[in-house]
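Chains G and R, in that order, are what the protein sequence lines are. Numbering of the first sequence is given in UniProt numbering, commencing with residue 1 and proceeding in unit increments. Numbering of the second sequence is given in UniProt numbering, commencing with residue 1 and proceeding in unit increments.
There are 2 protein chains.
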Amino acid sequence: MSTADQQESDNVETLAADVFARDCLSRPVLQSVMSRWGTLALVALLDEPHRFAALRRRVDGVSERMLSQTLHQLERDGFVHRDVQATIPPKVEYSLTARGEEVAGHMRAIAETIENQIAEIRSDQKKYDSTR
Amino acid sequence: MSTADQQESDNVETLAADVFARDCLSRPVLQSVMSRWGTLALVALLDEPHRFAALRRRVDGVSERMLSQTLHQLERDGFVHRDVQATIPPKVEYSLTARGEEVAGHMRAIAETIENQIAEIRSDQKKYDSTR
């Protein structure tokens, strides 16, 4: 273990993580899952595992490159599992880890709140705009 | 009501909102609350109402301009209430609406999951990096 690794390991063990602290390691992880495509990919995978092309169709509007980057990041942070089956050609399937399921459940609840209240939200927006 | 407004009103009433649809009005609202500063502001306001300067100190690293933009957007979408008290000088306080509380509760749960698992997430990241 290098000195830098040892130092970080000490910090991780002795300081409580806090997303409100500018340099906390938890903050970029939060940002990555909450990103536009991160959120939609996680909620889509909560329904069922998807292959790349199917996920891209579900997350309407995402480019191949952005979805690929998003999935790498989610896999690196342990929210998404990438399963490669040794078929010819190989079949690659993405699913949620336990950590991913926990987070995606809350995201789906947020998305549903917004979907269910969209008419009231539009009316709030118009009221706000009319007073400026 | 203009033809465009009437059209939109018909759509809002007849189509179910769906964040997965590229042009759905719910998608920009979701993106705005899930944004880096939107999330942290909402979770901070879940603890208690804040004045602008106190909120800026709590959301470590945000610029005055970004926090101001974020709060305007959250107020416009009906997640945050801006209360101006007629004191001299006027006292401005930000608090959550019922809609804001609902969403912020789920965001806090996501942040806590990440904070509590940060050591495992760091270890997953290192494992991932070592296989590339």
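Positions of the beta carbon are idealized from the N, C-alpha and C atoms, including for glycine.
Is it right to say serine 68 (chain G) is buried, meaning 16 or more other beta carbons lie within 10 angstroms of its own, or is it exposed? By one-based count along the first sequence, residue 68 (chain G) stands at place 68. By the neighbour-count rule (16 or more Cβ atoms within 10 Å), serine 68 (chain G) is not buried but exposed.
Quick one: is threonine 113 (chain R) near chain G, going by C-beta distance under 9 angstroms? Locating residue 113 (chain R) in the second sequence gives position 113, where the first residue counts as 1. So, interface residue.
So, helix, strand or coil for aspartate 60 (chain R), using DSSP? One-based indexing of the second sequence puts residue 60 (chain R) at position 60. It is coil, neither helix nor strand.
Taking isoleucine 110 (chain R) as the reference, which of G:Thr39, G:Asp23 and G:Val84 has the closest Cα? Counting from one through the second sequence, the residue named residue 110 (chain R) turns up at place 110. Comparing Cα positions, the closest option is G:Thr39.
Are there 16 or more other CB atoms within 10 angstroms of the CB of aspartate 77 (chain R), so buried, or fewer, so exposed? Along the second sequence, one-based indexing puts residue 77 (chain R) at 77. Aspartate 77 (chain R) comes out buried.
Determine which residues share a DSSP beta bridge with tyrosine 94 (chain G) and list them. For this step, residue 94 (chain G) is matched to residue 94 along the first sequence. Looking at the DSSP assignment, tyrosine 94 (chain G) forms a beta bridge with G:His50 and G:Arg82.
Between the Cα of valine 29 (chain G) and the Cα atoms of R:His50, R:Gln117, R:Arg132 and R:Lys127, which residue gives the shortest distance? For this step, residue 29 (chain G) is matched to residue 29 along the first sequence. Here the closest residue by C-alpha is R:Gln117.
Check whether the Cβ atoms of phenylalanine 52 (chain R) and leucine 74 (chain R) lie closer than 9 angstroms to each other. If you number the second sequence from 1, residue 52 (chain R) lands on position 52. If you number the second sequence from 1, residue 74 (chain R) lands on position 74. Their beta carbons are not under 9 angstroms apart, which means phenylalanine 52 (chain R) does not touch leucine 74 (chain R) by this criterion.
Distance between arginine 57 (chain G) and arginine 22 (chain R) (C-alpha atoms, nearest Å): Sequence index remark: in the second sequence, residue 22 (chain R) carries index 22 (1-based). Sequence index remark: in the first sequence, residue 57 (chain G) carries index 57 (1-based). Each residue's Cα considered, the two are about 11 angstroms apart.
Quick check on threonine 131 (chain G): does DSSP put it in helix, strand or coil? Counting from one through the first sequence, the residue named residue 131 (chain G) turns up at place 131. The answer is coil: DSSP assigns threonine 131 (chain G) none of H, G, I, E or B.
Let me know the secondary structure DSSP gives glutamine 31 (chain R) once reduced to three states. For the purposes of this step, residue 31 (chain R) is taken as residue 31 along the second sequence, with counting starting at 1. Taken through DSSP and simplified to helix, strand or coil, glutamine 31 (chain R) comes out as helix.
Measure the alpha-carbon distance for glutamate 102 (chain R) versus glutamine 85 (chain G) and round it to whole angstroms. Residue mapping note: residue 102 (chain R) aligns to position 102 of the second sequence, counting from 1. Residue mapping note: residue 85 (chain G) aligns to position 85 of the first sequence, counting from 1. Their backbone Cα atoms lie some 40 angstroms apart in a straight line.
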